[in-house]
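Contents: one structure, followed by commentary.
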Amino acid sequence: MDKNGNTGIKTVFLDRDGVINRRIMDGYVTCKEELEILDGVPQALRILTDAKYRIVVVTNQRGIALGLYNASTLAHIHDYLNQVLRQYGVRLNEFYFCPHDRQENCLCRKPKAGLIDQANEVSTVHFKHSYLIGDSDTDLLAGRARHLRVIKIGPIETVIPEARFDNLLEAAKAIAADQIPE
């Protein structure tokens with residue numbers, strides 16, 4: 008890869024809560040029974056898979072730092088998520104998570120780009136042709152830190168994304184049709 012990220016795998020980075028599954032307001036998904044996949048997500052993943060994108064989840068999981076669940080429980084939740092998605096013939100390729108609390112000075116908690124960097128170490132990302140889709144400014148800032156095109160699900164806060172959609176399915180259709188500006 009050159010310094011501008013001009014080789015590698017086209018990747019779509021997805022935040023989890025609020026993009027893939029329903030966000031629990033003022034709470035955390037602590038077990039698979041609390042995981043509610045949002046409408047259109049399997050279809051969106053099919054579109055991205057058919058367009059030859061690697062699909063990577065990057066998620067802050069502060070609930071681990073708070074002792075609400077542990078990394079093993081989180082792995083079970085993600086395994087369950089992929090088990091459900093496989094019924095639709097799709098899957099999420101990889102999961103990266105930050106287990107730290109907000110005040111810890113880690114490199115992985117979004118808005119820092121450490122989770123994206125971890126994914127890049129496993130398989131080189133073609134940054135110029137990759138995206139981050141999230142529902143918060145911290146998601147978008149992590150993507151911007153690595154010059155990804157950022158897409159907001161839901162209302163715009165402070166960070167202005169390249170595009171905004173109501174759900175992942177709309178975003179996936181726009182990505183596949185190459186309708187997201189650079």
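Okay, so the sequence shown: first residue is 8 according to the working numbering, each after it adds one.
The C-beta atom is built at its ideal place from N, Cα and C for all residues, glycine as well.
query, result
"Cβ-based neighbour list, E198, same chain, cut-off 8 Å, excluding 5 preceding and 5 following", "Because residue 198 is not part of the residues shown, which for the chain are 8 to 189, the question remains open."
"Given V129 as reference, the closest of L88, R61 and K119 once Cα atoms are compared", "R61"
"Extent of the continuous alpha helix (DSSP H) to which L75 belongs", "Element bounds for L75: n/a, residue is neither H nor E."
"For E40 and M32, the rounded distance between their alpha carbons", "16 Å"
"Whether I160 touches G25 by CB criterion (9 Å)", "yes"
"Reduced DSSP secondary structure (H/G/I, E/B, other) of K180", "helix"
"Separation of Y95 from Y76, as counted between CA atoms", "28 Å"
"Buried versus exposed call for M8 [16 or more other C-beta atoms within 10 Å across all chains shown]", "Residue placement at M8 is flagged as unreliable, the pLDDT there being 44, under the threshold of 50; the coordinate-derived value follows with that caveat. Classification for M8: exposed."
"E101 (DSSP reduced to helix, strand or coil)", "strand"
"Three-state secondary structure assigned by DSSP to R23", "coil"
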